Amino acid sequence: MEVIIDGHAYFLGGDIITNINEKPVTTPQQLDAILRTLKVGDQVTMSLVRNGKRQTVRYKLPEQLPWNHNLRHP
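Quick note on the working numbering: the sequence shown kicks off at 671 and runs consecutively.
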(Lines of atoms letter the chains of each structure in order from A and count residues from 1; the text may use other names and numbers.)
(Lines give C-alpha, C1' and ligand atoms only; values in the text may rest on other atoms or scores of the structure.)
Protein backbone atom coordinates (compact mmCIF):
# COMPACT_ATOMS: atom_id res chain seq x y z
CA MET A 1 0.00 0.00 0.00
CA GLU A 2 1.43 3.38 -0.96
CA VAL A 3 1.36 6.56 1.06
CA ILE A 4 0.41 9.43 -1.26
CA ILE A 5 1.35 12.96 -0.27
CA ASP A 6 -1.09 15.79 -1.05
CA GLY A 7 0.16 19.07 0.39
CA HIS A 8 0.40 18.49 4.14
CA ALA A 9 -1.94 15.51 4.22
CA TYR A 10 -0.97 11.86 3.87
CA PHE A 11 -3.27 9.22 2.53
CA LEU A 12 -3.13 5.57 3.53
CA GLY A 13 -5.99 3.66 1.97
CA GLY A 14 -8.02 6.88 1.71
CA ASP A 15 -7.35 8.11 5.25
CA ILE A 16 -5.63 11.45 5.94
CA ILE A 17 -3.10 10.81 8.71
CA THR A 18 -2.56 13.82 10.99
CA ASN A 19 -0.39 12.23 13.70
CA ILE A 20 1.01 8.93 14.89
CA ASN A 21 1.64 8.32 18.60
CA GLU A 22 1.07 12.03 19.29
CA LYS A 23 3.78 13.03 16.79
CA PRO A 24 2.55 15.38 14.04
CA VAL A 25 2.75 14.21 10.46
CA THR A 26 3.19 17.25 8.24
CA THR A 27 5.97 16.23 5.83
CA PRO A 28 6.93 13.05 3.99
CA GLN A 29 10.14 12.97 6.03
CA GLN A 30 8.23 13.04 9.34
CA LEU A 31 5.95 10.22 8.24
CA ASP A 32 8.87 8.11 7.07
CA ALA A 33 10.84 8.74 10.28
CA ILE A 34 7.89 7.75 12.47
CA LEU A 35 7.12 4.60 10.47
CA ARG A 36 10.74 3.49 10.68
CA THR A 37 10.65 3.59 14.50
CA LEU A 38 7.72 1.17 14.77
CA LYS A 39 8.33 -2.49 15.59
CA VAL A 40 6.21 -5.62 15.60
CA GLY A 41 3.99 -5.61 18.68
CA ASP A 42 4.12 -1.83 19.25
CA GLN A 43 0.89 -0.17 20.35
CA VAL A 44 0.08 2.54 17.81
CA THR A 45 -2.34 5.47 18.16
CA MET A 46 -3.11 7.22 14.90
CA SER A 47 -5.22 10.35 14.45
CA LEU A 48 -6.76 10.63 11.02
CA VAL A 49 -9.56 12.00 8.93
CA ARG A 50 -11.74 9.30 7.38
CA ASN A 51 -14.72 10.21 5.20
CA GLY A 52 -14.48 13.82 6.43
CA LYS A 53 -14.61 12.85 10.14
CA ARG A 54 -11.73 13.00 12.62
CA GLN A 55 -11.00 9.66 14.27
CA THR A 56 -8.44 8.09 16.57
CA VAL A 57 -7.44 4.52 15.82
CA ARG A 58 -5.48 2.31 18.23
CA TYR A 59 -3.96 -1.02 17.32
CA LYS A 60 -1.10 -3.42 17.96
CA LEU A 61 1.36 -3.58 15.07
CA PRO A 62 1.22 -6.99 13.33
CA GLU A 63 4.20 -8.93 11.97
CA GLN A 64 3.53 -7.76 8.42
CA LEU A 65 3.23 -3.97 8.25
CA PRO A 66 0.22 -2.83 6.19
CA TRP A 67 2.33 -0.21 4.36
CA ASN A 68 5.72 0.27 2.82
CA HIS A 69 8.17 3.13 2.97
CA ASN A 70 7.89 4.02 -0.72
CA LEU A 71 6.66 7.56 -0.24
CA ARG A 72 5.95 9.58 -3.33
CA HIS A 73 5.02 13.19 -3.76
CA PRO A 74 2.43 13.83 -6.48
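Glycine is no exception: its CB is placed at the ideal position from the N, C-alpha and C atoms.
These numbers were taken from a predicted model, which means no experiment stands behind them.
Buried versus exposed call for residue i [16 or more other C-beta atoms within 10 Å across all chains shown]
i: V695; result: buried
Inter-residue CB distance, residue i and residue j (contact presumed, cutoff 8 Å)
i: I686; j: L708; result: Contact flag wrong, Cβ pair sits at about 19 Å.
i: L731; j: D702; result: Rounded, the Cβ-Cβ distance is 16 Å, inconsistent with contact.
Under the three-state DSSP convention, the category residue i falls into
i: I686; result: strand
i: P732; result: coil
i: V727; result: strand
Continuous alpha helix (DSSP H) stretch holding residue i: start and end
i: T715; result: Segment 713–720 is the beta strand (DSSP E) holding T715; no alpha helix (DSSP H) there.
i: T707; result: 698–707
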